[in-house]
Structures are given as structure tokens and as C-alpha cells.
């Protein structure tokens with residue numbers, strides 16, 4: 001290989017984004033990385049100022065002018081798409097010149113656009129270090145994103161568990177205490193059914209807690225089947241449940257829902273070689289959406305209606321009326 005060939009090979013390793021210009025500014029050789037910016041191979045033979053638009057210094061329009069800005073930083077970009085921005089410096093060489101180019105701050109876009117990697121840069125180029133840092137940062141960010149997703153998932157699962165009754169899968173009292181005040185605050189009208197089981201203690205005492213758990217799961221299914229997706233079904237005590245019928249304040253509709261619940265709850269539940277049978281009493285209170293309503297008063301009204309159902313012989317429902325407030329509290333455990 002002659003001396004000129006040795007120089008070309010050396011420059012391709014040390015400055016893989018350089019170009020050799022002849023005496024009239026025509027490109028006669030391009031480094032391997034720069035050649036990747038022109039995959040069709042149409043760079044060789046073009047005049048340098050036809051292939052690249054020189055933005056600074058201004059007024060450079062010929063090879064003679066280029067030679068006058070030797071050693072100065074050149075700000076330029078490709079004329080062909082994509083019009084990647086470049087930095088450069090020119091030094092005379094023989095009858096022509098050598099221009100060494102780099103991507104500058106557009107390096108990350110260029111790496112993606114032209115699918116470049118570390119082998120496309122000189123081993124001592126700080127670009128390689130930056131690419132490694134970017135890759136490490138990307139890996140760290142991806143790991144952080146996945147960790148955040150897992151943490152968020154764990155948080156959601158923990159919150160869901162905190163608001164869920166583990167036996168029945170219904171919402172628990174904590175969930176109801178969170179939901180009801182917000183529905184009242186948002187003046188959302190709804191009907192509230194307070195459901196209490198009759199004779200449940202007898203099932204627990206005679207057949208055991210496993211039988212009682214089976215009955216509670218049966219009741220939970222009845223309540224879910226009697227509600228819609230935007231309704232709220234909660235187990236708020238041992239054998240007490242609350243059903244919030246969102247947007248429904250019609251007493252007849254709430255009565256029919258209560259009748260269905262009472263009928264389905266009374267269906268015997270098979271347990272081993274026997275049947276477990278309970279009934280349900282229901283108290284109904286209605287929130288019409290009025291501003292300033294009290295959740296405590298609403299629950300107290302439902303309790304009063306439930307007490308009236310118990311007093312009337314159980315397995316029935318009662319719609320709250322103001323005169324029921326004089327009935328007084330009563331422990332409602334069968």
C-alpha cells in the first residue's frame with residue numbers, strides 16, 4: 001500500500017467520519033461511518049458544498065473559501081434527508097483538504113437514525129463513553145420503570161386487600177366508610193339496603209363455622225347477582241351486609257330488589273349431609289342527593305328500618321319513614 005493509501009486507512013480508523021476533497025472541493029473518499037449516512041453511495045464525486053449546507057461561517061461558496069476557514073469549527077448539515085446536523089473542521093492536505101466531521105449534540109438521534117454502534121466511532125472518541133452512559137441510563141430507567149410497576153401493582157393489591165372481605169370477596173366496612181361519604185358529597189342519589197341474616201347464629205352453633213362460612217358466601221353471591229357493576233356490595237359485620245344501589249331511589253324498585261334477596265337467601269345451602277337455612281331481614285334508606293346529608297344519619301335510618309323488619313317477624317323488608325326513628329336501637333344478632 002502506498003503512502004496515500006496508508007493515510008486513508010489510518011484516517012478511516014482514527015476519524016471514521018472524515019472526507020477527502022480534491023483541489024476543486026469534490027469528495028474523493030469518505031470514512032466508513034460517514035458513508036453510512038449515504039447508504040446509496042452517492043456521496044463520492046459530489047462537491048462538498050453540494051452535499052453539505054454550511055451554516056457557519058457564512059459566505060463560504062467555493063473550495064478557495066473553504067481553505068480560508070481552515071482550523072475553524074464548521075456548522076453544517078446534510079442537504080439530503082434526513083438533514084442531520086454536523087460539526088466539522090477542515091485542514092489542507094496536498095492539493096485538496098481533509099474535513100473531519102462529528103454529530104455534536106445530535107449524536108443520539110443519529111445513532112438511532114443510522115443504526116450506529118460503538119464500532120462506528122474511533123476507540124478514543126468520547127462519543128463511545130456517552131453512548132455507554134446513555135445505554136446504562138436507559139437500562140437503569142427501564143429497571144426503575146419495571147420496579148415502579150411492581151411497586152404500584154403491590155400497592156394496588158395491598159389497597160384492594162385492605163378494602164376487601166377475605167371470606168366473601170365483597171368490599172368490607174372500611175371500603176364502605178370510604179365510598180359512602182364521597183357519594184353523599186358528590187350528591188349522588190342512591191338506595192341503601194341494610195341486610196341482616198336471621199338464624200345465622202344457630203347455623204354456627206349447630207353445624208360449625210365452616211357451615212356458617214358457606215352460608216355467608218351463598219349470601220354474598222345472592223347480593224352480587226342482585227346488583228350491577230356500579231353498585232356497591234359490602235359485608236360490614238359477621239352476618240350484616242350493605243347494598244348500595246347507585247342512582248336508584250324508587251321505593252318500588254328497591255322493594256323488588258329486597259324481595260328477590262330475601263327469596264334467594266332462604267334457599268337451603270347444602271353442607272355435608274345436611275342443609276343450612278337462614279333468612280334475611282332488610283332495612284331500606286334512600287338518599288335523594290340533597291346537599292349536606294349525613295352518612296351517619298343515613299345508616300341510622302337504614303338500621304331503624306332493619307329493626308322494624310326484625311320486629312315484624314323477620315324475612316321481610318321495611319322502607320324507612322321518619323316515625324321509625326322513635327323505635328330506638330336494638331342489637332340485631334340472631
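Residue numbers (full-length UniProt numbering): 1 to 334.
Yeah, the Cβ is synthetic: ideal placement off N, Cα and C, and Gly gets one too.
Length of the line joining the Cα atoms of residue i and residue j
i, j, result
"residue 29", "residue 9", "11 Å"
"residue 244", "residue 272", "34 Å"
"residue 113", "residue 80", "14 Å"
"residue 89", "residue 57", "11 Å"
"residue 321", "residue 309", "13 Å"
"residue 120", "residue 33", "5 Å"
"residue 111", "residue 181", "55 Å"
"residue 94", "residue 118", "31 Å"
"residue 293", "residue 161", "29 Å"
"residue 257", "residue 206", "31 Å"
"residue 27", "residue 125", "24 Å"
"residue 276", "residue 313", "20 Å"
"residue 323", "residue 241", "24 Å"
"residue 333", "residue 145", "Because the pLDDT at residue 333 is just 40, under 50, the model does not fix this residue reliably, and the value given afterwards should be weighed accordingly. If I take the Cα positions, the gap works out to 50 Å."
"residue 44", "residue 151", "55 Å"
"residue 261", "residue 141", "52 Å"
"residue 288", "residue 213", "35 Å"
"residue 1", "residue 12", "The pLDDT assigned to residue 1 is 47, lower than 50, so where the model puts this residue is not dependable, and the model offers no usable value."
"residue 31", "residue 7", "12 Å"
"residue 37", "residue 50", "15 Å"
"residue 174", "residue 127", "57 Å"
"residue 63", "residue 24", "6 Å"
"residue 187", "residue 300", "19 Å"
"residue 46", "residue 35", "13 Å"
"residue 249", "residue 172", "23 Å"
"residue 65", "residue 115", "34 Å"
"residue 149", "residue 87", "41 Å"
"residue 75", "residue 106", "12 Å"
"residue 39", "residue 143", "35 Å"
"residue 325", "residue 259", "23 Å"
Integer-rounded CB distance, given that residue j should sit under 8 Å from residue i
i, j, result
"residue 285", "residue 305", "6 Å"
"residue 282", "residue 200", "Residue 282 to residue 200, Cβ: 15 Å. No contact."
"residue 302", "residue 192", "5 Å"
"residue 197", "residue 165", "Contact flag wrong, Cβ pair sits at about 15 Å."
"residue 73", "residue 85", "Between residue 85 and residue 73 the Cβ distance is about 13 Å, and since that is not below 8 Å, they are no contact."
"residue 168", "residue 220", "4 Å"
"residue 234", "residue 170", "6 Å"
"residue 97", "residue 15", "In fact, because the Cβ distance is near 13 Å, the residues do not count as touching under 8 Å."
"residue 218", "residue 269", "5 Å"
"residue 54", "residue 92", "Residue 54 to residue 92, Cβ: 17 Å. No contact."
"residue 101", "residue 18", "7 Å"
"residue 21", "residue 48", "5 Å"
"residue 280", "residue 195", "5 Å"
"residue 317", "residue 255", "6 Å"
"residue 246", "residue 230", "5 Å"
"residue 179", "residue 232", "6 Å"
"residue 176", "residue 236", "6 Å"
DSSP-derived helix/strand/coil call for residue i
i, result
"residue 204", "helix"
"residue 271", "strand"
"residue 95", "coil"
"residue 73", "coil"
"residue 276", "strand"
"residue 242", "strand"
"residue 291", "coil"
"residue 148", "helix"
"residue 7", "helix"
"residue 167", "coil"
"residue 253", "helix"
"residue 283", "strand"
"residue 334", "Its pLDDT being 42, under 50, residue 334 is placed unreliably by the model, and the measurement read from it follows with that caveat. DSSP places residue 334 in coil when its eight states are reduced to three."
"residue 324", "helix"
"residue 88", "strand"
"residue 260", "helix"
"residue 49", "helix"
"residue 347", "Because the chain in this structure spans residues 1 to 334, residue 347 falls outside the shown range and cannot be described."
Residue i, enclosing beta strand (DSSP E) - first and last residue
i, result
"residue 317", "317 to 319"
"residue 191", "190 to 198"
"residue 234", "232 to 235"
"residue 21", "18 to 21"
"residue 53", "52 to 56"
Delimiting residues of the alpha helix (DSSP H) encompassing residue i
i, result
"residue 27", "Premise fails: residue 27 lies in the beta strand (DSSP E), 27 to 30, not in any alpha helix (DSSP H)."
"residue 222", "209 to 225"
"residue 123", "Segment: none, residue 123 is in no alpha helix (DSSP H) and carries neither H nor E."
"residue 68", "63 to 68"
"residue 113", "107 to 114"
"residue 185", "173 to 185"
Test: residue i CB closer than 8 Å to a CB of chain C
i, result
"residue 33", "Although the question refers to chain C, the structure presented lacks it and comprises just one protein chain."
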